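Chemist: Numbering (the working numbering), first residue to last: 56 to 565.
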């Protein structure tokens with residue numbers, strides 16, 4: 056699987072390089088780092104699902120090609136649907152107004168396509184490479200030392216996840232209520248997460264030279280003197296605008312830009328004022344001062360413009376908030392539509408989307424507690440919630456897709472309630488492994504001394520683990536078990552008589 060992930064990353068990097076060289080996509084250092092993490096995590100997820108199904112089929116079929124053919128066919132639909140969900144979710148970032156956010160969408164989408172192609176083409180070829188030639192060993196050497204034998208029992212009957220499935224079957228109400236309660240309690244802290252922006256100095260977790268220099272400047276001069284705010288106004292309103300700026304809160308001084316004769320320089324009937332703020336130009340306090348200044352100057356003359364470093368940071372914050380409010384509903388709609396097409400149902404996708412939204416809110420709440428009370432961080436970048444949402448919902452829904460496609464397959468054979476228990480028992484191990492791998496890959500971003508990457512690392516890693524161990528393992532199976540065949544509404548599966556479960560089914564409650 057590591058070879059598959061490496062192959063996918065190499066392919067994605069090459070394609071992205073060619074696209075960037077042709078000015079089709081925009082790539083920066085941040086996007087390049089996220090691309091690497093995303094491709095490795097996604098390729099490993101898809102590979103684990105195929106490998107697990109291949110192992111399962113090898114317990115039924117001696118011929119490795121027959122086993123792989125069946126495993127590939129059964130894996131194709133959930134993997135393709137998962138990849139489509141992630142790709143479409145990432146492409147929703149094209150709706151953003153912020154350039155780096157908009158550019159990240161197609162770059163990471165290329166990475167997901169490379170990951171799914173590698174998992175469905177390169178990996179199957181590796182898995183069926185000849186190994187031992189003795190009977191029963193064909194194509195099984197890759198599983199050494201736990202080689203699956205024809206007729207052997209799998210962990211879906213005796214493993215940990217079989218016990219979890221029995222628990223869900225015996226106590227579905229208790230499991231559903233307790234898992235929901237955990238998520239709701241964490242989600243209650245989500246509004247306290249501070250993502251209003253931080254100063255440039257606070258974006259570094261280490262004390263770099265620029266931070267030390269900025270602190271020295273603030274000790275001896277007005278903190279905003281290193282990067283003054285610029286005001287452009289009509290020449291006829293110079294006196295009024297100057298008076299309004301001087302009277303504004305947070306302003307230390309204001310002077311016009313002068314020409315060689317010592318007079319205010321006039322260009323196209325306009326003059327420029329340099330405004331020194333009391334606070335550092337990259338601080339949230341300075342942004343608030345600029346926002347108030349814009350309001351005051353609009354009352355003087357609607358043609359007055361306020362620019363500079365602080366104004367740019369303020370605009371980024373406001374546009375980031377607008378991007379978040381616009382893109383998140385679109386992603387939820389995309390996820391719902393893909394799930395509806397895949398599961399041939401409307402109720403099941405609604406339950407899955409609501410569960411993932413609750414999981415995301417709980418992740419934000421946990422982040423608020425950790426960032427404020429454990430790590431004592433100064434705040435957060437305004438783009439963090441959007442990035443976290445994209446990665447958590449688009450990637451986290453993978454595990455629900457892996458589970459529910461297997462549940463639907465099992466439900467057609469033995470009914471919905473036995474089907475959800477068997478689906479949980481069979482997919483539990485592989486999905487948990489995939490979640491741990493994906494969380495670990497994103498957690499690697501946390502070693503970099505950048506506040507934004509540390510916060511993304513925690514949010515995605517914690518959110519994936521929460522989704523893996525609580526939402527996908529407990530909440531969703533309990534909800535489906537309680538709902539029964541109605542979960543497939545309006546498909547005829549919600550109306551037709553269900554097949555009887557196998558006699559002596561060890562997972563059904565007694």
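Don't be surprised by glycine CBs; every beta carbon is placed ideally from N, CA and C. The structure presented is a predicted model; accordingly, all values stated were derived computationally and were not measured.
When you compare the segment 60-71 with the segment 97-112, are there three or more beta-carbon pairs, one atom per stretch, that lie closer than 8 Å?
Modeler: With a cut-off of 8 Å, the segment 97-112 and the segment 60-71 count as touching, because enough Cβ pairs lie within range.
Chemist: Could you tell me how far apart the beta carbons of residue 522 and residue 454 are, in whole angstroms, since I believe they sit closer than 8 Å?
Modeler: Confirmed, about 6 Å.
Chemist: Judging by CA-CA distance, which residue of 123, 283, 485 and 498 is the nearest neighbour of residue 331?
Modeler: Checking every option, the nearest Cα to that of residue 331 belongs to 283.
Chemist: If residue 145 sits next to residue 163, beta carbons under 8 Å apart, how far is it from one beta carbon to the other, in whole angstroms?
Modeler: Confirmed, about 5 Å.
Chemist: Which first and last residues belong to the beta strand (DSSP E) in which residue 329 is found?
Modeler: That run of the beta strand (DSSP E) goes 325-332.
Chemist: Going by DSSP in three states, residue 240 sits in which element: helix, strand or coil?
Modeler: Helix at residue 240.
Chemist: For a test of your reading of the model: does the CB of residue 478 fall under 7 Å from any non-hydrogen atom of the ligand FAD? Yes or no.
Modeler: The model on display carries no ligand, and the ligand FAD is accordingly not part of it.
Chemist: Excluding the five sequence neighbours on either side, which residues of its own chain have a C-beta within less than 7 Å of the C-beta of residue 554, listed in chain order?
Modeler: Excluding residues within five positions, the ones whose Cβ falls inside 7 Å are 468, 469 and 470.
Chemist: Along the chain, where does the alpha helix (DSSP H) that runs through residue 99 open and close?
Modeler: It spans 84-113 - the alpha helix (DSSP H) in which residue 99 sits, taken as one unbroken run.
Chemist: Taking only three categories from DSSP, how would you classify residue 322?
Modeler: In this structure, residue 322 counts as strand in the three-state DSSP scheme.
Chemist: What residues match up with residue 284 in a beta bridge as DSSP calls it?
Modeler: According to DSSP, which records beta bridges pairwise, residue 284 is partnered with 330.
Chemist: Where residue 445 and residue 217 are concerned, what is the direct C-alpha to C-alpha distance, given to the nearest angstrom?
Modeler: Each residue's alpha carbon lies about 32 Å from the other.
Chemist: In the DSSP assignment, the beta strand (DSSP E) including residue 307 goes from what residue to what residue?
Modeler: Unbroken beta strand (DSSP E) run through residue 307: 306-311.
Chemist: Residues in its own chain within less than 8 Å of residue 525 by CB, not counting five upstream and five downstream?
Modeler: Cβ within range, chain order: 234, 237, 238 and 414.
Chemist: Residue 478 lies in the alpha helix (DSSP H); which residues open and close that run?
Modeler: Unbroken alpha helix (DSSP H) run through residue 478: 471-498.
Chemist: Assess contact between the segment 154-173 and the segment 129-139, defined as three or more Cβ pairs (one per stretch) separated by less than 8 Å. Is contact present?
Modeler: The segment 154-173 vs the segment 129-139: in contact.
Chemist: DSSP beta-bridge partners for residue 289?
Modeler: According to DSSP, residue 289 bridges with 325.
Chemist: Could you tell me the alpha carbon to alpha carbon distance between residue 320 and residue 90, rounded to whole angstroms?
Modeler: Cα to Cα, residue 320 sits roughly 48 Å from residue 90.
Chemist: Helix, strand or coil: how does DSSP classify residue 153 here?
Modeler: Of the three classes helix, strand and coil, the one that applies to residue 153 here is coil, per DSSP.
Chemist: With C-beta atoms as the reference, is residue 536 less than 8 Å away from residue 214?
Modeler: No, the Cβ-Cβ distance between residue 536 and residue 214 is not below 8 Å.
Chemist: Determine the closest residue to residue 432 out of 351, 530 and 250, with distance taken between C-alpha atoms.
Modeler: Among 351, 530 and 250, the Cα nearest to that of residue 432 is on 250.
Chemist: So which of 307, 80, 253 and 462 has the shortest CA-CA distance to residue 339?
Modeler: Closest option to residue 339, Cα to Cα, is 253.
Chemist: Within the same chain, show all residues whose beta-carbon is closer than 6 Å to that of residue 247, passing over the 5 residues directly before and after it, in chain order.
Modeler: So the qualifying residues of the chain are 423.
Chemist: In the DSSP assignment, find the unbroken alpha helix (DSSP H) run with residue 432 in it and report its ends.
Modeler: It is not in any alpha helix (DSSP H) - residue 432 carries neither H nor E in the DSSP assignment.
Chemist: Thinking C-beta only, is residue 379 closer than 8 Å to residue 440?
Modeler: It is a contact, given that the beta carbons lie within the stated cut-off.
Chemist: Please classify residue 396 as buried or exposed, where buried requires at least 16 other C-beta atoms within 10 Å of its C-beta.
Modeler: Exposed: under 16 other Cβ atoms inside 10 Å.
Chemist: Just checking my contact of residue 533 with residue 240 at CB under 8 Å: how many whole Å lie between their CB atoms?
Modeler: About 17 Å separates the two Cβ atoms, so there is no contact after all.
Chemist: Provide the residue(s) that pair with residue 362 in DSSP beta bridges, ordered along the chain.
Modeler: Residue 362 is bridged to 285.
Chemist: Within this structure, are the beta carbons of residue 365 and residue 347 separated by less than 8 Å?
Modeler: For residue 365 and residue 347, no; Cβs fall outside 8 Å.
Chemist: State the Cα-Cα distance for the pair residue 520 and residue 427, rounded to the nearest angstrom.
Modeler: Taking the straight line from one Cα to the other gives about 21 Å.
Chemist: From which residue to which residue does the alpha helix (DSSP H) around residue 121 run?
Modeler: Per DSSP, residue 121 belongs to the alpha helix (DSSP H) from 119-146.
Chemist: If residue 360 sits next to residue 287, beta carbons under 8 Å apart, how far is it from one beta carbon to the other, in whole angstroms?
Modeler: Correct: roughly 4 Å between the Cβ atoms.
Chemist: Expressed to the nearest angstrom, what Euclidean distance is found between the alpha-carbon atoms of residue 451 and residue 150?
Modeler: Near 21 Å, if we compare the C-alpha coordinates of residue 150 and residue 451.
Chemist: Tell me which residues share the same chain as residue 328 and place their Cβ nearer than 6 Å to its Cβ, disregarding the 5 neighbours each side in the sequence.
Modeler: For residue 328, where only same-chain residues beyond five positions count, the Cβ hits under 6 Å are 286, 309 and 311.
Chemist: Once you ignore the five residues that flank residue 447 on each side, which residues in its own chain have a CB closer than 8 Å to its CB?
Modeler: Cβ within range, chain order: 411, 414, 415, 418, 514, 515, 518, 519 and 522.
Chemist: Just to confirm before moving on: does the CB-CB distance between residue 182 and residue 72 stay below 8 Å?
Modeler: For residue 182 and residue 72, no; Cβs fall outside 8 Å.
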